[in-house]
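Take a look at the structure below.
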Amino acid sequence: MQMSDSAALPIFAGVTGHRDIPPECAGMLEKQVESLLLGLCERYPRFPITVLSSLADGADRICAHAALKAGCRFSVPLPMAREDYERDFDSDSREEFRKLLKSASGAFVVEPLEPAPGDTPPRGFYYRQAGLYIAKNAHLLIALWNGEETLFSGGGGTYETICLARREHVPVYHIPTPRLSNPTISPPSKPIAD
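Residues 81 to 274 in my numbering are what the sequence shown lists, from first letter to last.
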């Protein structure tokens, strides 16, 4: 039995990464992600690629731009209600977020997959839930990460999402990425697969 193109199931590429990526590295990282996505499109021509990006500053948006350039769709699993989430962005960032959101194939608030720790969970709890959603629903994870294995007590963060993906046996494509807080990492010419 042959599957029609309209019945093809999508391949979900999750995204995680740092927010504080040096602006001068953004273009090169975007090209690396675009190349990775184009490679997937070429390898799996009958399966549409959908990128899962929460559209936080930095890596999430770099990957969303790369998805658009590669002709892929992207969907936005939000950690919390849009208005609340936007409080984490300055005015320029909010404008970019809203513009990208209009280009998305969909956006939704992630329902927590774990019980909340107390009556007023820290914001990190909701970021962890978005990361957990991505880890559980992605077929692969693109990680723009500097390699530091740092977990935050409140939850959330790049390394935690990578750990969640690995726990779900999701392959991680690590693109070593410098940060403004640690600019010593030099991105390689291609991603490193787990």
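Ideal Cβ positions, reconstructed from N, Cα and C, are used throughout, including at glycine.
From a predicted model like this one, the values you see are computed outputs, not experimental measurements.
Spatially closest choice to residue i from the options, by CA coordinates
i, options, result
"Ile214", "Arg203, Asp199, Gly119 and Ser134", "Ser134"
"Cys143", "Phe205, Arg126 and Gly97", "Gly97"
"Leu148", "Lys179, Glu228, Leu244 and Phe169", "Lys179"
"Phe232", "Gly204, His254 and Asp170", "Gly204"
"Asn226", "Ala146, Ala139 and Gly94", "Ala139"
"Cys121", "Tyr207, His249, Asp199 and Cys152", "Cys152"
"Glu248", "Arg174, Leu117, Ser155 and Leu212", "Leu212"
"Thr200", "Gly234, Ala136 and Ser183", "Gly234"
"Pro251", "Ala218, Gly236 and Leu224", "Ala218"
"Asp172", "Ile222, Ala136 and Ser183", "Ala136"
Residue i Cβ short of 8 angstroms to the ligand GDP heavy atom set
i, result
"Asn262", "As for the ligand GDP, it is missing from this structure, which has no ligand bound."
Straight-line gap, residue i to residue j (C-alpha atoms, nearest Å)
i, j, result
"Ala196", "Ala210", "13 angstroms"
"Lys216", "Asp170", "30 angstroms"
"Tyr207", "Leu132", "14 angstroms"
"Gly119", "Ala93", "12 angstroms"
"Ile255", "Val95", "11 angstroms"
Contact set for residue i: own chain, Cβ-Cβ below 6 angstroms, skip 5 residues either direction
i, result
"Pro90", "Pro128 and Thr130"
"Arg174", "Glu166"
Cβ neighbour criterion (16 or more within 10 Å) applied to residue i
i, result
"Met83", "In this prediction, Met83 has a pLDDT of 48, which is less than 50 and means its spatial position is unreliable; what the coordinates show is noted afterwards. Exposed, because fewer than 16 other Cβ atoms sit within 10 Å of the Cβ of Met83."
"Leu220", "buried"
"Ala245", "buried"
"Pro157", "buried"
"His145", "buried"
"Leu193", "exposed"
"Ala88", "exposed"
"Gly198", "exposed"
"Thr264", "exposed"
Close Cβ partners of residue i (< 7 angstroms) along its chain, the five nearest in sequence each way excluded
i, result
"Glu229", "Tyr239"
"Glu176", "Arg141"
"Ala275", "Not covered by the structure: residue 275. The range shown for the chain is 81 to 274."
8 angstroms Cβ shell around residue i - same chain, five flanking residues per side excluded
i, result
"Leu117", "Ala93, Ile129, Val131, Ala146, Ala147, Ala150 and Cys152"
### Inter-stretch contact (C-beta, 8 angstroms, three-pair minimum) for the region 112-119 and the region 228-240
no
### Query
Do the region 183-192 and the region 155-175 make contact, defined as three or more Cβ pairs closer than 8 angstroms?
yes
#### Entry: Sufficient close CB pairs (3 or more, under 8 angstroms) joining the region 99-109 to the region 252-261
yes
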